[in-house]
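Q:
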Amino acid sequence: MRAAGLALVLVCSGTACSVIPTGASRAVAVEDVGRGDPLDPPYARVIAMPPNPEWTPEQVVMGFRAAMASVDDTSYAVARQYLTGAYAKEWNPGSGVTVYQQSTTDDEVEPVDEGDTEVRVTLKGAVIATINDRGLYRPSGGPLDEPFTLVKEGDKGWRISAGPDGLLLSEPDVKRAYRLVDLYFLDSRREGLVIEQVQVPLNPASTFAKAIVERLLEGPSASLQGAVHTAFAPGTGLIDVTTENNRVIVNLRKGVSSDNVAAMSAQLAGTLSGIAGGSSFEVRIQGEPYHSDRPLEIDAQQQLKFDPWMTPGNIRPFYMQDGLLRQLGKDNVGVAVPGEAGGKNGSFTHPAISGHDLRQVAALSRNRDGISVAPLVPDGKWQQWVTGKDLTPPSWDRYHSMWTVSRPSPQTSVVLRHYYDEIKHEVRQFRVAASELNAVDVTALKIARDGVHVAVATRNARGEEEVKIGTVIGTGGGSRIDNLQTVVHSEDKRQIKDIAWKNGKTLYVLTGKSELLEASLTAAPTSQVAYPRLQSITVLDDYLLAGAKDDEDNQQVLYWNATAAKWEPWIRDESGAVTFTAGGPSFPVFPLG
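Reading the sequence shown from the start, the letters are residues -18 to -1, 1 to 575 in mature numbering (1 follows the signal peptide of the UniProt record, and there is no 0).
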């Protein structure tokens, strides 16, 4: 702010605005005096002043940085005043954003003599993240060493003649100018919902609700291209998003086909739920009712009705004990599941339960050379689906395909997908293309409950481990894993013990230090909790369980009590005791994830 003339204003839709004083060394916060339109929540706004002929080169660069953060100036007209005519034509603020944290030391500034007509100012700091032109926020790293070249333009003073393309914004700038939004798209079968998180810029000329729906109509970003669909036909336009009688009105230029109405309703309800609260929705076409004889009304929670995995409900977890699969029953006492899985010791570990109907279990053999599947019915028998070398634990997707990775030799991984052909009565196996995984050791692979996002843990030849999140594109023999991005990098070569999806956005990572990390595509990993000797994890929304051992290798399933902020033993034996025992409960698992 300093001499750059930076002002902050709290914008209160439908009410008076409170101005934060300028000219101070730091911003002064003011109380929100009203929300106004619920579809256009208040926000802090940066208003930057034009350059002053008396400013030094450093002050000009600081003023330019402030102008780049101005929400009001959507065309960046003030920011361009800091540039020479030629550079103003070249500079493309829409090409993306570099999010940085400025160095605590001063930027590098070349000494300026009275007769100098050109000078360089270098902005120092650390890169925190990037935001691309479609709003994808991706944590990043590395030093920021951005040079600006300035020239003296007579009475106008110093102007920037060369610098970075795109925007340079600090973390506080991004928090003021953008909002993280969940966009809802359709999975490959158009039967489920997939969330893509994007940063949507605030625009004073439009309500935020309108900006969100416009971004939804643009479709998914490149990272989900080919993996998801949308109910909206290309070219579907938006007139406005307003409120009327406590209902959100989405006014489109044209509708969708009748077989896409339910999907469209779910996409709109999910995407707008973050700012619309519990309001219901209505879709109109050019101001008229969607149907000639009746309006198209959408429940406030339509997305939850469309896709049951948005709210899985009270699903009791499963776990292994003495080689048998059990499900948690009354009073936290386990009950053996029907069939061979619960009545015959198959010497299996790492169970995985298929979809919402809980109809079958897959489990890894103790020597990791096979995976067997058993229906969870009274006459259900184990059937070996996979043989291979050094297999990863199985993972089901939402459409009853079972995934694993075979590692036939060091630094070689083969991703495999299996499903049971009901017509031919046989198990079919497909090799999944995953070029980024061919030359590393994949130690774990988990498909998210949305069936599109996938997480993998890998180890390279140097022993360094990473956890990556990508997308599943295509089905059957044409499927592939693409767009992998690292979310956890282990420079200290700590072992990644397990990974588990909380939902379609967030992943938990268990390290060899029994540290639990929360990771996603939109934020740097954060440490959650730790407990000595955790062995495996499973999570469903806010329910977090772990298999653990004590110092004598006795086993128990632990539950994370968020209220008390501690791990507690959970599974009781027939006597009602909750203790660590030899051959006790292990490998807890919720369906999918």
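The C-beta atom is built at its ideal place from N, Cα and C for all residues, glycine as well.
Roughly how many angstroms separate the alpha carbons of L358 and V319, rounded to a whole number?
A: Residue 358 sits at position 376 when you count from the first residue of the sequence shown. Residue 319 sits at position 337 when you count from the first residue of the sequence shown. The alpha-carbon atoms of L358 and V319 are separated by roughly 7 Å.
Q: Rounded to whole angstroms, what's the CA-CA distance from V10 to Y160? Just pull it up for me.
A: Here residue 10 corresponds to residue number 28 of the sequence shown, with the count starting at 1. Here residue 160 corresponds to residue number 178 of the sequence shown, with the count starting at 1. Reliability fails at V10, whose pLDDT of 34 lies under 50, so the model's placement of it is uncertain and no value is given.
Q: Under the DSSP definition of a beta bridge, which residues are partnered with K134?
A: On the sequence shown, position 152 is the one that residue 134 refers to. In the DSSP output, where bridge partners are listed per residue, K134 has W140.
Q: In three-state terms, what does DSSP make of L499?
A: Here residue 499 refers to the residue found at position 517 of the sequence shown. In this structure, L499 counts as strand in the three-state DSSP scheme.
Q: Restricting to runs no shorter than 3 residues, where is the beta strand (DSSP E) found entirely within the segment 396 to 447?
A: 408 to 414, 423 to 429, 435 to 441
Q: Does the distance from the CB of I455 to the CB of H435 come in under 8 Å?
A: Indexing the sequence shown from 1 puts residue 455 at position 473. Indexing the sequence shown from 1 puts residue 435 at position 453. The answer is no: Cβ separation not under 8 Å.
Q: Using 8 Å as the cut-off, can you tell me whether the segment 438 to 446 makes contact with the segment 178 to 187, which would need three or more C-beta pairs spanning the two stretches below that distance?
A: Contact between the segment 438 to 446 and the segment 178 to 187 is absent, because fewer than three Cβ pairs lie under 8 Å.
Q: Less than 8 Å between the CB atoms is what I'm expecting for E556 and V315, so what's the real figure, rounded?
A: Translated into positions along the sequence shown, residue 556 becomes position 574. Translated into positions along the sequence shown, residue 315 becomes position 333. Their Cβ separation, rounded to whole angstroms, is 7 Å, which keeps E556 and V315 in contact under 8 Å.
Q: Using a Cβ-Cβ distance cut-off of 8 Å, determine whether I280 contacts chain B.
A: Within the model displayed, chain B is absent; a lone protein chain is all it includes.
Q: Grouping DSSP H, G and I as helix and E and B as strand, with all else coil, what is V195?
A: Here residue 195 corresponds to residue number 213 of the sequence shown, with the count starting at 1. Here V195 sits in helix by DSSP.
Q: Have a look at K531 and F569 and give me their C-alpha separation to the nearest angstrom.
A: Reading the sequence shown from its first residue, position 549 is the one you call residue 531. Reading the sequence shown from its first residue, position 587 is the one you call residue 569. Looking at the two C-alpha atoms, the distance is approximately 11 Å.
Q: Please report how far the alpha carbon of G352 lies from the alpha carbon of S461, in whole angstroms.
A: Here residue 352 corresponds to residue number 370 of the sequence shown, with the count starting at 1. Here residue 461 corresponds to residue number 479 of the sequence shown, with the count starting at 1. Near 23 Å, if we compare the C-alpha coordinates of S461 and G352.
Q: Are the beta-carbon atoms belonging to T66 and I113 less than 8 Å from one another?
A: Residue mapping note: residue 66 aligns to position 84 of the sequence shown, counting from 1. Residue mapping note: residue 113 aligns to position 131 of the sequence shown, counting from 1. It is not a contact, given that the beta carbons lie outside the stated cut-off.
Q: Please classify Q467: does DSSP put it in a helix, a strand, or coil?
A: Along the sequence shown, read from residue 1 onward, the residue named residue 467 stands at position 485. The answer is strand: DSSP assigns Q467 an E or B state.
Q: Around the C-beta of T453, are 16 or more other C-beta atoms found within 10 angstroms, so that it is buried, or is it exposed?
A: Translated into the one-based positions of the sequence shown, residue 453 becomes position 471. Result: buried.
Q: What does the alpha-carbon distance come out to for the pair R102 and W37?
A: Working through the sequence shown from its first residue, we reach residue 102 at position 120. Working through the sequence shown from its first residue, we reach residue 37 at position 55. Going by the C-alpha atoms only, they are around 15 Å apart.
Q: Give me the Cα-Cα distance between A111 and V28, rounded to the nearest whole angstrom.
A: Walking along the sequence shown from the start, residue 111 turns up at place 129. Walking along the sequence shown from the start, residue 28 turns up at place 46. Cα to Cα, A111 sits roughly 21 Å from V28.
Q: Got a sec, what are the start and stop residues for the beta strand (DSSP E) S247 sits in?
A: Mapped onto the sequence shown, residue 247 falls at position 265. Looking at the DSSP string, S247 is not in any beta strand (DSSP E); the run it does join, the alpha helix (DSSP H), is 243 to 258.
Q: What would DSSP say about R62, mapped onto helix, strand or coil?
A: Residue mapping note: residue 62 aligns to position 80 of the sequence shown, counting from 1. DSSP places R62 in helix when its eight states are reduced to three.
Q: State the CB to CB distance for the pair D164 and G256, rounded to an integer number of angstroms; the pair is presumed to be in contact (CB under 8 Å).
A: Within the sequence shown, residue 164 is the residue found at index 182, counting from 1. Within the sequence shown, residue 256 is the residue found at index 274, counting from 1. Sure, about 6 Å apart at Cβ, within 8 Å.
Q: Given M(-18), which residues of its chain have a CB within under 6 Å of its CB, disregarding the five upstream and five downstream residues?
A: Residue mapping note: residue -18 aligns to position 1 of the sequence shown, counting from 1. Low confidence applies here, because M(-18) scores a pLDDT of 35, under 50, leaving its location unreliable; read the following figure in that light. None.
Q: Buried or exposed: N228, going by 16 or more other Cβ atoms within 10 Å of its Cβ?
A: To locate residue 228, count along the sequence shown from 1; it is residue 246. Label assigned to N228: exposed.
Q: Give a yes or no on whether the C-beta atoms belonging to residue 579 and A61 are separated by under 8 Å.
A: Within the shown structure, residues of the chain are numbered from -18 to 575, placing residue 579 beyond reach of any answer.
Q: Determine whether the beta carbon atoms of S505 and S518 lie at a separation below 8 Å.
A: Residue numbering aside, residue 505 sits at position 523 when the sequence shown is read from its first letter. Residue numbering aside, residue 518 sits at position 536 when the sequence shown is read from its first letter. Per the sequence presented here, residue 505 reads as Ala, with Ser not at that position. No; because the gap between Cβ atoms is not below 8 Å, this pair is not in contact.
Q: Which full runs of the alpha helix (DSSP H) of 4+ residues lie inside the segment 281 to 334, going along the chain?
A: 284 to 288, 322 to 325
Q: With 16 other CB atoms within 10 Å as the buried threshold, where does E173 fall?
A: Position 191 of the sequence shown, counted from the start, is the residue given in the question as residue 173. It is exposed - the Cβ of E173 has fewer than 16 other Cβ atoms within 10 Å.
Q: L132 and W140: beta carbons closer than 8 Å?
A: Taking the first residue of the sequence shown as position 1, residue 132 is located at position 150. Taking the first residue of the sequence shown as position 1, residue 140 is located at position 158. Cβ distance < 8 Å, so L132 and W140 count as in contact.
Q: Please classify A204: does DSSP put it in a helix, a strand, or coil?
A: By 1-based counting over the sequence shown, the position of residue 204 is 222. It is helical.
Q: If you reduce the DSSP assignment to three classes, tell me which class A68 lands in.
A: Indexing the sequence shown from 1 puts residue 68 at position 86. Helix, per DSSP.
Q: Considering just the uninterrupted stretch of the alpha helix (DSSP H) at R158, what are its terminal residues?
A: Residue mapping note: residue 158 aligns to position 176 of the sequence shown, counting from 1. Taken as a continuous stretch (DSSP letters only), the alpha helix (DSSP H) holding R158 covers 153 to 159.
Q: Using the Cβ count rule (16 or more neighbours within 10 Å means buried), how would you classify R348?
A: Along the sequence shown, one-based indexing puts residue 348 at 366. Looking at its Cβ environment, which holds fewer than 16 other Cβ atoms inside 10 Å, R348 is exposed.
Q: Kindly give me the distance between the Cβ atoms of V176 and T253, rounded to whole angstroms, as I take these residues to be in contact under 8 Å.
A: The residue labelled residue 176 in the question sits at position 194 within the sequence shown. The residue labelled residue 253 in the question sits at position 271 within the sequence shown. Contact doesn't hold; Cβ gap of about 12 Å is too wide.
Q: Determine, using beta carbons only, whether T520 and V571 come nearer to each other than 8 Å.
A: The residue you call residue 520 lines up with position 538 of the sequence shown. The residue you call residue 571 lines up with position 589 of the sequence shown. Yes, the pair counts as a contact, with Cβ atoms nearer than the cut-off.
Q: How big is the Cα-Cα spacing for T425 and M50?
A: As a working mapping, residue 425 is identified with position 443 in the sequence shown. As a working mapping, residue 50 is identified with position 68 in the sequence shown. Whole-angstrom Cα-Cα distance: 44 Å.
Q: Can you tell me whether DSSP reads S391 as helix, strand or coil?
A: Here residue 391 is taken as the residue at index 409 of the sequence shown, counted from 1. The answer is strand: DSSP assigns S391 an E or B state.
Q: Tell whether a beta-carbon distance below 8 Å holds between L21 and A258.
A: Position 39 of the sequence shown, counting from 1, holds the residue named residue 21. Position 276 of the sequence shown, counting from 1, holds the residue named residue 258. Taking 8 Å as the Cβ cut-off, L21 and A258 qualify as a contacting pair.
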